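Q:
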Amino acid sequence: MEQELGQRLVLAAQSVVTLGRLFTATQLQPGDENTRLYRNLQRKLSSMQKNTGVQRFIIFDLQQKVLVDGAGKMPIGFKYPKLEFDRHELKKVFKGELAS
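Heads up: take any position in the sequence shown, counting from 1, add 922, and you land on my numbering.
1. So, helix, strand or coil for L967, using DSSP?
2. List the endpoints of the continuous beta strand (DSSP E) containing F982.
3. Starting from the C-beta of L1005, find all residues in its chain whose C-beta is less than 8 Å away, skip the five residues before and the five after it, and write them out in chain order.
4. If we ignore side chains and look at the alpha-carbon of each, how far apart do V1015 and F1007 end up?
5. From N973 to L984, what distance separates their C-alpha atoms?
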């Protein structure tokens, strides 16, 4: 079951990548939550959450700071502490490998 859930998560993450323009999220700074770029990315993530059944999509940087939260609850720049639990998987992802 864990393997199947992992595969579903990888597929969901790959579908987010197909949204394109995700690299533009790196331009976001704290306080940009009312910009068109932020609202568009947040809306797309929110839609992906509904379409995939994934509880939450978050775009974050290498320092584990939130850039866009699909649920709209965490501001830009917020250090998301739960990412620390997945640090080994995240290292793989940042190397270009698949991980769940």
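Idealized CB from N, CA, C, for every residue including glycine. All values reported here derive from a predicted model rather than from experimental measurement.
A: On the basis of the coordinates in this document:
1. The count along the sequence shown starts at 1 and reaches residue 967 at position 45. If DSSP states are grouped into helix, strand and coil, L967 belongs with the helices.
2. For this step, residue 982 is matched to residue 60 along the sequence shown. Where F982 is concerned, the enclosing beta strand (DSSP E) stretches over 980-982.
3. The residue you call residue 1005 lines up with position 83 of the sequence shown. Taken in chain order, the residues that qualify are F982, Q986, L1012.
4. As a working mapping, residue 1015 is identified with position 93 in the sequence shown. As a working mapping, residue 1007 is identified with position 85 in the sequence shown. Rounded to the nearest angstrom, the two C-alpha atoms are 14 Å apart.
5. The residue labelled residue 973 in the question sits at position 51 within the sequence shown. The residue labelled residue 984 in the question sits at position 62 within the sequence shown. Distance between the alpha carbons of N973 and L984 is about 27 Å.
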